[in-house]
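Data first, discussion second: the structure below is written as structure tokens.
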Amino acid sequence: MHEEEIKKLFHRQEHYVLGTYSPTDLVLTRGALTRVWDIHDNQYLDFTSGISVCNLGHCHPRVTEAIQRQAATLVHVSNLFMNNNQPELAARIAQNSFDGKVFFCNSGAEANEGLIKFARRWGNENGRHQIITMENSFHGRTLATLAATGRAKYRKGFQPDTPGFLHVPFNSIDAARAAVNDTTAAILLEPVQGEGGVIPAHSDYLTALRQLCDENGILLLFDEVQCGMGRTGTLFAYQKYGVIPDGMAMAKALANGFPIGAFEVKSEYADILPPGTHASTFGGNPLACAAGVAVFDTFEKEDILDNCNRMAAYLWDELSNLAQRHDTVLDIRGMGLMIGIELASPVKPLVQRARENGLLVLSAGENVLRLLPPLVIEANDVDRAVSIIDKCLDA
Ligand SMILES: Cc1ncc(COP(=O)(O)O)c(C=O)c1O
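Residue numbering for the sequence shown is 36 to 430, as defined by the working numbering.
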């Protein structure tokens with residue numbers, strides 16, 4: 036890109052794009068699996084995957100081919116008609132999770148919003164409406180999902196909060212037990228908290244939550260928007276725990292970057308949302324679903340989970356060696372290729388230094404470095420990333 040064009044681009048960003056984000060000045064123009072390139076054609080190893088979206092890597096050939104083919108065939112029809120990709124993607128999701136039915140939408144927030152509506156409609160008849168969620172959680176930016184989100188800073192300035200949500204400490208079964216009452220409809224949580232600092236639920240905690248919900252006849256709902264789609268080494272994180280939810284939200288990596296969201300509810304609850312109770316214009320359109328089906332095809336044909344688990348084992352080993360060399364590393368946590376490295380100091384300068392050295396990484400809060408590499412990374416990508424982080428920690 037010429038200097039003049041670059042100047043114009045920045046001018047347009049500043050003058051015409053609403054400033055809800057504060058992006059760095061890095062402008063990315065193309066990607067291929069584990070790599071992305073900027074406007075100056077500098078190459079980066081991407082350990083962010085667009086925040087756990089491009090889990091199969093950028094422009095994965097199978098997904099690209101499916102999008103191109105479908106874009107030339109049929110992009111959109113309304114849900115007044117059936118299309119041939121939506122039932123296929125719903126079947127792939129249900130066959131790879133639990134016996135359930137799926138509603139399609141366009142984002143993680145919209146998926147959680149739908150799950151919340153499902154829980155309300157299920158509970159309404161017997162006076163149950165309250166949803167218990169976790170402190171430090173993140174569920175999205177719509178008004179209901181903001182209210183569900185257990186971090187006050189996101190809600191600041193948007194009062195009044197949407198009523199009907201109660202936040203309790205994560206990983207405390209006593210707190211959850213104390214919060215349940217006759218008005219409780221559901222407990223909603225991320226099996227591995229992402230934005231909150233990459234914190235996995237304890238295994239006995241999820242088991243106890245399932246039991247608590249069963250004893251009280253309330254719903255257990257999982258937000259797998261960030262931790263789902265292979266990120267933790269199983270297709271959905273809950274499968275690591277062997278605790279099956281009554282409903283689950285997914286989005287991000289479901290179509291490897293093509294916008295999509297979905298929620299699934301157990302088949303026994305399928306009648307809770309009959310015709311006319313919920314809808315979304317773009318939800319489940321042929322193009323998004325074609326991309327989603329290609330994602331499932333890729334998981335099946337390329338043994339993505341096997342690679343994820345092998346690379347995760349290697350990366351965790353290398354990171355624990357690195358932790359021994361740097362006192363500033365306080366903790367390494369997470370699951371599979373969803374990893375948080377807690378530092379004794381703010382992480383922002385390290386993110387910047389890593390970028391200057393050709394590696395893209397994320398933060399989660401002030402002190403946690405978050406790694407979400409594509410599940411298709413290879414051993415030499417791990418070596419490169421760890422050596423750059425090592426060098427940045429030295430600095
Ligand atoms: C766990 C979780 N839920 C929901 C969301 C919201 O998803 P979206 O930004 O697609 O609305 C996110 C986004 O980061 C998330 O991490």
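No residue lacks a Cβ here, since even glycine has one placed at the ideal position from N, Cα and C.
Chain C contact for residue i (CB, 7 Å cutoff)
i	result
residue 40	In the displayed structure, chain C is absent; only one protein chain is listed.
CA nearest to the CA of residue i, picked from the options
i	options	result
residue 282	332, 138, 44	138
residue 254	201, 158, 162	158
residue 79	87, 93, 88	93
residue 252	224, 216, 430	216
residue 162	214, 136, 220	220
residue 111	311, 85, 319	319
residue 325	124, 207, 155, 242	124
residue 175	350, 141, 246, 332	141
residue 427	415, 410, 386, 417	386
residue 256	276, 218, 245, 399	245
residue 201	193, 337, 191, 218	218
residue 346	401, 266, 423, 205	266
residue 115	317, 133, 249	317
residue 402	88, 425, 231, 74	231
residue 145	286, 270, 272	286
residue 429	417, 195, 193, 384	384
residue 204	198, 214, 196, 197	214
residue 300	67, 70, 134	134
residue 419	45, 321, 69	69
residue 367	235, 207, 66	235
residue 206	227, 74, 189	227
residue 86	416, 417, 264	264
Anticipated Cβ contact below 8 Å, residue i with residue j, distance rounded
i	j	result
residue 101	residue 328	7 Å
residue 107	residue 151	About 37 Å; that fails the 8 Å criterion.
residue 290	residue 330	6 Å
residue 136	residue 315	Rounded, the Cβ-Cβ distance is 15 Å, inconsistent with contact.
residue 394	residue 82	6 Å
residue 169	residue 185	5 Å
residue 342	residue 411	6 Å
residue 312	residue 156	6 Å
residue 88	residue 288	6 Å
residue 229	residue 414	Residue 229 to residue 414, Cβ: 25 Å. No contact.
residue 268	residue 344	5 Å
residue 350	residue 270	Not really, about 20 Å apart at Cβ, beyond 8 Å.
Rounded C-alpha distance that separates residue i from residue j
i	j	result
residue 172	residue 72	32 Å
residue 361	residue 405	17 Å
residue 431	residue 47	The shown model of the chain, from 36 to 430, leaves out residue 431, and the question about it has no answer.
residue 98	residue 54	31 Å
residue 380	residue 391	19 Å
residue 148	residue 181	10 Å
residue 279	residue 130	14 Å
residue 225	residue 38	44 Å
residue 90	residue 274	18 Å
residue 178	residue 165	15 Å
residue 352	residue 338	22 Å
residue 284	residue 222	13 Å
residue 105	residue 323	9 Å
residue 332	residue 233	28 Å
residue 32	residue 96	With the chain represented from 36 up to 430, any question about residue 32 goes unanswered, as that position is not in the structure.
residue 211	residue 248	10 Å
residue 382	residue 425	14 Å
residue 237	residue 396	26 Å
residue 377	residue 128	34 Å
residue 241	residue 132	17 Å
residue 209	residue 196	26 Å
residue 153	residue 167	14 Å
residue 194	residue 336	48 Å
residue 50	residue 43	10 Å
residue 250	residue 63	51 Å
residue 239	residue 76	48 Å
residue 74	residue 36	6 Å
residue 65	residue 84	13 Å
residue 199	residue 334	38 Å
Contact test: residue i Cβ vs ligand 3 heavy atom, cutoff 6 Å
i	result
residue 65	Here the bound small molecules are ligand 1; ligand 3 is not part of this structure.
Are the stretch 372 to 392 and the stretch 405 to 418 touching by the rule of at least three beta carbon pairs closer than 8 Å? yes
Touching by the beta-carbon criterion (3+ pairs, under 8 Å), the stretch 350 to 361 and the stretch 113 to 123: no
Is there contact between the stretch 303 to 317 and the stretch 49 to 64, where contact requires at least three CB pairs shorter than 8 Å? no
Hey, is the stretch 284 to 301 in contact with the stretch 259 to 269, meaning 3+ C-beta pairs nearer than 8 Å? yes
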